[in-house]
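In what follows, a structure is listed as structure tokens, so that the remarks can point back to it.
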Amino acid sequence: MSNLIDRLSPEARNAPESGIVEVFNAGWGRDDLIPLWAGEGDLPTPDFICQAARDSLGRGETFYTYQRGIPQLREALAGYHEDLYGRAFSPERFFVTGSGMQSIQLAVQAVSSAGKEVIVPTPAWPNISAAVEIHGARAVSVPMREEDTGWRLHVEDIEAAITPRTTALFLNSPCNPTGWVASEDLLKDILSLARKHGLWIIADEIYALFYYAEARRAPSFYDVAAEDDQIVFVNSMSKNWAMTGWRIGWISAPAKLGQVFENLIQYSTSGVPSFSQWAAVAALRDGGDFVQQQISRARIGRDTVTDGLKRLNRVRILPPEGAFYLFFKIDGVTDTRQFALDLVRETGVGLAPGTAFGPGGQSYLRLCYARRKDHLEEAVRRIGSWLSSI
Ligand SMILES: Cc1ncc(COP(=O)(O)O)c(C=O)c1O
24 MSNLIDRLSP
34 EARNAPESGI
44 VEVFNAGWGR
54 DDLIPLWAGE
64 GDLPTPDFIC
74 QAARDSLGRG
84 ETFYTYQRGI
94 PQLREALAGY
104 HEDLYGRAFS
114 PERFFVTGSG
124 MQSIQLAVQA
134 VSSAGKEVIV
144 PTPAWPNISA
154 AVEIHGARAV
164 SVPMREEDTG
174 WRLHVEDIEA
184 AITPRTTALF
194 LNSPCNPTGW
204 VASEDLLKDI
214 LSLARKHGLW
224 IIADEIYALF
234 YYAEARRAPS
244 FYDVAAEDDQ
254 IVFVNSMSKN
264 WAMTGWRIGW
274 ISAPAKLGQV
284 FENLIQYSTS
294 GVPSFSQWAA
304 VAALRDGGDF
314 VQQQISRARI
324 GRDTVTDGLK
334 RLNRVRILPP
344 EGAFYLFFKI
354 DGVTDTRQFA
364 LDLVRETGVG
374 LAPGTAFGPG
384 GQSYLRLCYA
394 RRKDHLEEAV
404 RRIGSWLSSI
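Numbering (my numbering), first residue to last: 24 to 413.
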């Protein structure tokens, strides 16, 4: 067996096991499980979205389809962006993919290559660096700084990490796992830096609507960039519309890159099923109320776990400004991987260990609060009683 593995490519052989999946595998299937480890809520996809998929299958749409995405979905994406960012968007900017994860893979394929470097501020969702490294490039972590008021990303730290091999930097805001949100000024500064060094930006704004300040959405590179800036936006239907299991997302990039993204899609998945695309059209056109409901639930979830964990008096929390995760520290807990494995075994509460999120995150735990309030209260109660017993 080891011989077979030795014969694999180093990129495949060295791909790390996701630290989140390790805990998930340890606890999955328990009857009393409260799964707060993964990045998804507990609501199923609304029926009007499922119905659009059933209708598509009923029409016999079971064949290959447009590589860039069906025109109706690309138009719906343009409309969604126009409404959210208050300006015109051409459908030609949008490329439908098989998930946010695949959008990341294709973006990385487009802007880096073997031996090149992509800068990734950490703590970060582990799949980002893994996607870079599987592609043969190197993910260069730039740890964010923990300050009393929250996480901070310093542009000079990014600049110090740039080498002649750097081709891109990845920015995820609102951030999974920290809940940090980049200000518009910071986005401007990062864009200037990228322009100065001729770098690409991969902008992951998939949690843009999960923003807890008094605004409809988080600041975006769309607010500060020109149409043809070197930015590839990666996005997903997963979070806003409770569609994690559908595996559908999109890329937004200068329309000039259309042929390139068409090719990358052709040579990876060869397109996204028509029925999922029609479901996405329904979500984008008619899903506004549902998204609002999701955001209100997340806001309640955020307050519930923040207040509950604070009462335990052993927990350090920086209130998240966006996304739907609490990234917190428990006094006395140093090995968060072992803690998460023990916690799920002893209490049935599934958390993600900070060790999964790269430099800077090791001593934290991540909890997804996009769930029913009573489940979150119960999770906090179990964490509290277990902590008092160890
Ligand atoms: C920051 C970030 N980007 C991208 C994704 C990918 O989402 P999906 O592949 O479900 O569309 C996730 C999922 O958790 C995420 O947290």
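Glycine included, C-beta positions come from ideal geometry on N, C-alpha and C.
Small disclaimer: the values here were computed from a predicted structure and weren't measured.
- Beta-bridge partners of Leu-388, as assigned by DSSP: Phe-351 and Pro-376
- Task: Indicate whether Gly-345 and Val-257 have their beta-carbon atoms separated by less than 7 Å.
- Result: no
- Item | Spatial neighbours of Asn-150 in its chain, beta-carbon cut-off 8 Å, leaving aside the 5 residues before and after | Ser-41, Met-124 and Ile-127
- Message: My output table needs one value for Pro-110: the three-state DSSP class, helix, strand or coil.
- Response: The amino acid at residue 110 is misidentified as Pro; the sequence shows Arg. Reduced to three states, the DSSP call for Arg-110 is coil.
- Which residue's Cα is closest to the Cα of Gly-52: Gly-324, Asp-171, Ala-241 and Val-372? Val-372
- Task: Measure the alpha-carbon distance for Arg-195 versus Ser-319 and round it to whole angstroms.
- Result: Note that residue 195 corresponds to Asn in the displayed sequence, not to Arg. Asn-195 and Ser-319: Cα-Cα distance of roughly 22 Å.
- Query: Of all the alpha helix (DSSP H) runs that stay within the bounds of the segment 275-316, which reach a length of 4 or more residues?
  - Reply: 281-289 and 297-309
- Message: When you measure from the CB of Ile-229 to every non-hydrogen atom of ligand 1, does any distance come out below 6 Å?
- Response: yes
- Query: Closest to Glu-170 by CA distance: which of Pro-67, Leu-399, Gly-383 and Ser-412 is it?
  - Reply: Gly-383
- Message: Give the list of continuous alpha helix (DSSP H) stretches no shorter than 4 residues that lie fully inside the segment 28-106.
- Response: 33-36, 42-50 and 70-81
- Task: Would you check if there are 3 or more beta carbon pairs closer than 8 Å linking the segment 316-334 to the segment 277-289?
- Result: no
- According to DSSP, is Tyr-234 helix, strand or coil? strand
- Query: So, is Asn-199 buried or exposed, given that buried needs 16 or more other C-beta atoms within 10 angstroms?
  - Reply: buried
- Item | Cut-off 6 Å between Cβ atoms - residues of its own chain near Phe-112, not counting five sequence neighbours on either side | Ala-101, His-104 and Glu-105
- Message: For Asp-29, count the other beta carbons within 10 Å of its own beta carbon; 16 or more makes it buried, fewer makes it exposed. Which is it?
- Response: exposed
- Message: In the DSSP output, what is Leu-194 paired with across the bridge?
- Response: Ala-226
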